[in-house]
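Residue numbers (the working numbering), protein chains in the order written: chain A, 11 to 307; chain B, 11 to 307. To start, the structure itself, in structure tokens.
Protein chains: 2
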Amino acid sequence: MNRTEPSWDFYRTFLTVLQEGSLSAAARELGLTQPTIGRHIDALEASIGFQLFIRSPQGLIPTEAAVDLRPHAEQLAANAAALLRAATGQGGGVRGTVRISASEVIGIEVLPPMLTALSERHPDLVIELSLSDAVEDLLRQEADIAVRMVEPQQDALITRRIGGIPLGLHAHRRYLDKHGAPDKLEDLLDHRTIGFDRESAFVRAIRKRVPLIELMRPSLRADSNLAQLAAIRAGFGIGVCQVELARRDPEIVRLFEKEFALPLETFVVMHENLKTTPRCRATFDALVEGLLAYIGR
Amino acid sequence: MNRTEPSWDFYRTFLTVLQEGSLSAAARELGLTQPTIGRHIDALEASIGFQLFIRSPQGLIPTEAAVDLRPHAEQLAANAAALLRAATGQGGGVRGTVRISASEVIGIEVLPPMLTALSERHPDLVIELSLSDAVEDLLRQEADIAVRMVEPQQDALITRRIGGIPLGLHAHRRYLDKHGAPDKLEDLLDHRTIGFDRESAFVRAIRKRVPLIELMRPSLRADSNLAQLAAIRAGFGIGVCQVELARRDPEIVRLFEKEFALPLETFVVMHENLKTTPRCRATFDALVEGLLAYIGR
DNA sequence: TACCTGATATACAAAAATAGATGAACAGGA
DNA sequence: TCCTGTTCATCTATTTTTGTATATCAGGTA
Chain A
11 MNRTEPSWDF YRTFLTVLQE GSLSAAAREL GLTQPTIGRH IDALEASIGF
61 QLFIRSPQGL IPTEAAVDLR PHAEQLAANA AALLRAATGQ GGGVRGTVRI
111 SASEVIGIEV LPPMLTALSE RHPDLVIELS LSDAVEDLLR QEADIAVRMV
161 EPQQDALITR RIGGIPLGLH AHRRYLDKHG APDKLEDLLD HRTIGFDRES
211 AFVRAIRKRV PLIELMRPSL RADSNLAQLA AIRAGFGIGV CQVELARRDP
261 EIVRLFEKEF ALPLETFVVM HENLKTTPRC RATFDALVEG LLAYIGR
Chain B
11 MNRTEPSWDF YRTFLTVLQE GSLSAAAREL GLTQPTIGRH IDALEASIGF
61 QLFIRSPQGL IPTEAAVDLR PHAEQLAANA AALLRAATGQ GGGVRGTVRI
111 SASEVIGIEV LPPMLTALSE RHPDLVIELS LSDAVEDLLR QEADIAVRMV
161 EPQQDALITR RIGGIPLGLH AHRRYLDKHG APDKLEDLLD HRTIGFDRES
211 AFVRAIRKRV PLIELMRPSL RADSNLAQLA AIRAGFGIGV CQVELARRDP
261 EIVRLFEKEF ALPLETFVVM HENLKTTPRC RATFDALVEG LLAYIGR
């Protein structure tokens with residue numbers, strides 16, 4: 011049992027080995043050499059008193075203990091990255107790196123023009139875009155600013171409600187020409203539809219408003235909204251997507267405009283600590299402004 | 011501008027210098043020497059490209075940039091500590107270190123017997139007790155388990171509702187002998203009372219139930235519930251404290267038992283990740299059981 | 001089977017970080 | 001005013017860490 015706390019660098023090495031699967035690969039990743047990485051792991055194991063990896067000629071197999079420690083190490087890495095981001099933004103003015111988390115559709119279909127304008131206005135700003143639906147990344151400091159579809163409950167976060175992005179049922183004209191357009195909502199049961207793979211809060215929200223959904227058996231299931239949108243564009247069938255995005259393609263037709271209209275509540279969220287940092291403030295404001303314009307306010 | 015990420019150890023050194031206020035003190039704290047600490051800071055400054063401290067013969071004065079980075083460094087330290095705690099708990103069975111966060115009164119007056127029993131049942135368990143009312147410490151990983159008086163909103167936390175700890179108005183018999191006992195609630199205005207220093211959610215809750223509180227001018231203001239309890243015990247005046255704690259001292263009398271009764275909702279909270287680790291599981295269960303018994307269920 | 005490519009482990013030399021000692025500057029107290 | 005205790009900066013010797021080169025092992029392929 012060692013009395014002194016292990017070097018924090020060992021944690022970084024440990025995480026990299028976990029991620030890469032071998033000492034050699036971790037060494038390449040970190041710009042060090044394999045013996046060094048091996049010594050780091052040895053030292054860490056000696057320090058905490060149990061084995062983290064089983065060595066094999068094919069690489070290192072993490073023990074149960076190592077797997078348990080992994081989330082902590084990842085958290086540590088996220089924090090170190092956040093610190094470094096905060097550091098790059100020092101010195102006044104809008105500069106440094108800002109990391110934005112958004113869902114895939116938003117990040118790919120909606121944000122790019124806003125980010126372009128933001129970047130042109132602030133040439134020293136570096137933008138990182140992380141596409142995921144994980145709600146927790148702000149608290150984990152994996153991002154500075156997030157565009158979310160659920161309102162965060164946390165006090166430490168400052169939240170700006172944008173409003174509802176209108177969703178609607180859509181299909182490509184090619185599909186409708188081939189299979190005909192449904193007259194009544196009930197007709198949807200006889201159509202090829204695009205739905206979600208797993209149950210989510212969003213799915214439950216839809217079902218609450220349109221109970222018919224319950225009965226539908228989607229021909230394509232995908233959790234990625236982007237994949238759903240792509241399927242609609244490809245004429246696969248009938249699915250839900252943002253009205254605004256569908257409108258961009260004149261060949262895509264909206265169905266049941268009156269019967270099916272679901273606003274997707276949208277929020278821009280930032281950790282309170284970052285409120286005063288220029289790069290985050292500017293990005294936050296740009297996103298709020300851009301998204302408000304996007305939903306037509 | 012340096013291309014490589016700074017050593018994570020530099021962050022630790024940086025934080026320690028911030029906390030201690032000088033290179034020398036930080037060196038003592040970390041078991042290193044002053045020149046080493048100085049080099050770490052130099053290297054970190056070179057790496058991020060701006061100055062962190064202004065050197066002076068009295069110590070190091072942090073720049074604005076350093077102050078901005080401090081919360082990140084603290085977060086990093088909390089995570090490193092959490093990782094180390096998780097490491098000490100490896101190996102099966104209830105062992106290692108568990109860190110509990112609770113309010114002062116709970117931690118000092120209520121928990122000790124429970125922790126004693128827990129410790130005797132699990133000799134290899136090391137218990138750390140952090141007394142504060144900060145709600146965020148679980149998400150920041152500054153603690154493994156918390157006893158809280160507000161229900162956390164976060165999904166990642168598992169919460170066990172205990173119930174209401176009964177609060178009541180109390181005074182020491184010595185005080186009442188000297189100043190007389192109030193007959194009606196309104197009489198409280200003429201008494202020496204013990205109240206809160208700053209506005210808090212808890213204060214607002216009391217006021218909502220007993221609007222009279224608004225008019226009262228406490229003779230002693232303290233945010234520490236423990237200080238309030240001590241003042242009641244010392245016969246300073248009339249104040250609010252847990253009925254159960256007051257009952258321990260036969261000289262303390264409860265006032266307006268019917269007119270003033272406020273249950274203090276209590277929750278035991280743990281991060282979901284720790285659900286399966288034996289040391290946290292055992293501690294969580296022990297706290298739940300102990301607190302349920304405490305409020306008399 | 002022989003060979004190639006990936007892996008880890010080890011030995012030893014080079015590089016880097018550290019400790020130790022010393023000096024200068026400043027603040028507070030006798 | 002001088003003394004004492006503190007600070008940081010600098011120089012040098014030493015220790016520690018790292019890199020290089022090499023050995024060894026496992027698995028896939030001709």
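Note that the Cβ used here is the ideal one computed from N, Cα and C, for glycine as well.
C-beta neighbour in chain A for residue i, strict 8 Å
i	result
B/His50	no
B/Ala53	no
B/Ile147	For the sequence presented, residue 147 of chain B should be read as Asp rather than Ile. For B/Asp147, the answer is no, since every Cβ of chain A falls outside 8 Å of its Cβ.
B/Ile118	no
B/Leu70	no
B/Thr14	yes
B/Leu167	no
B/Gln85	yes
B/His82	yes
B/Ile58	yes
B/Ala156	no
B/Asn89	yes
B/Ala215	no
B/Val232	According to the sequence displayed, residue 232 of chain B carries Ala and not Val. For B/Ala232, the answer is no, since every Cβ of chain A falls outside 8 Å of its Cβ.
Distance CB(residue i)-CB(residue j) smaller than 8 Å
i	j	result
A/Ile137	A/Val108	yes
B/Val253	B/Val157	no
A/Glu114	A/Asn235	yes
B/Gly247	B/Ser229	yes
A/Pro16	A/Leu54	yes
A/Ala296	A/Leu128	yes
A/Thr203	A/Gly249	yes
A/Arg170	A/Val298	yes
A/Gln85	A/Arg150	yes
A/Thr276	A/Ile172	yes
B/Gly99	B/Gly106	yes
B/Gly101	A/Phe60	yes
A/Ala97	B/Leu79	yes
B/Arg231	B/Phe212	no
A/Glu261	A/His182	yes
A/Leu255	A/Leu239	yes
B/Lys285	B/Ile110	no
B/Ile51	B/Thr23	yes
A/His281	A/Ala166	yes
Cβ neighbour criterion (16 or more within 10 Å) applied to residue i
i	result
A/Ile71	exposed
B/Glu152	buried
B/Asp310	Nothing about residue 310 of chain B can be reported from this structure: the residues present for chain B run from 11 to 307 only.
B/Gln68	exposed
B/Ala83	buried
A/Val77	exposed
A/Asn12	Residue placement at A/Asn12 cannot be trusted, given a pLDDT of 45 that sits under 50; what the coordinates show is reported in the next sentence. That one is exposed.
B/Gly190	exposed
B/Leu6	Lying before the first or after the last residue shown, residue 6 of chain B is absent from chain B, which here runs from 11 to 307.
B/Asp193	exposed
CB contact check: residue i to chain B, cutoff 8 Å
i	result
A/Ala127	no
A/Asp78	yes
A/Ser17	yes
A/Pro133	no
A/Ala303	no
A/Ala241	no
A/Ala92	yes
A/Ala153	no
A/Gln164	yes
A/Ala75	yes
Are there three or more Cβ pairs, one per stretch, closer than 8 Å when the region 44–61 of chain A is compared with the region 105–125 of chain B? In this structure the region 44–61 of chain A does not touch the region 105–125 of chain B; the number of beta carbon pairs closer than 8 Å is below three.
Going along the chain, which residues of the region 279–299 of chain B sit with their C-beta nearer than 7 Å to a C-beta in chain A? Within the region 279–299 of chain B, Asn283 place their CB atoms closer than 7 Å to a CB of chain A, listed in sequence order.
Output, in sequence order along the chain, the residues in the region 94–105 of chain B whose CB is closer than 8 Å to any CB in chain A. Cβ contacts with chain A: Leu94, Ala96, Ala97, Thr98, Gln100, Gly101.
Mind the definition here: the region 264–274 of chain A touches the region 88–95 of chain A only if three or more C-beta pairs lie below 8 Å; say whether that holds. Flag = no, the region 264–274 of chain A and the region 88–95 of chain A do not touch.
Taking a cut of 8 Å between CB atoms, which residues from the region 20–42 of chain B lie near chain A? Only Tyr21, Arg22, Gly41 from the region 20–42 of chain B bring a Cβ to less than 8 Å from some Cβ of chain A.
Do the region 171–182 of chain B and the region 172–188 of chain A meet, that is, are 3 or more Cβ pairs less than 8 Å apart? Taking a contact to require three or more Cβ pairs closer than 8 Å, the region 171–182 of chain B and the region 172–188 of chain A do not qualify as touching.
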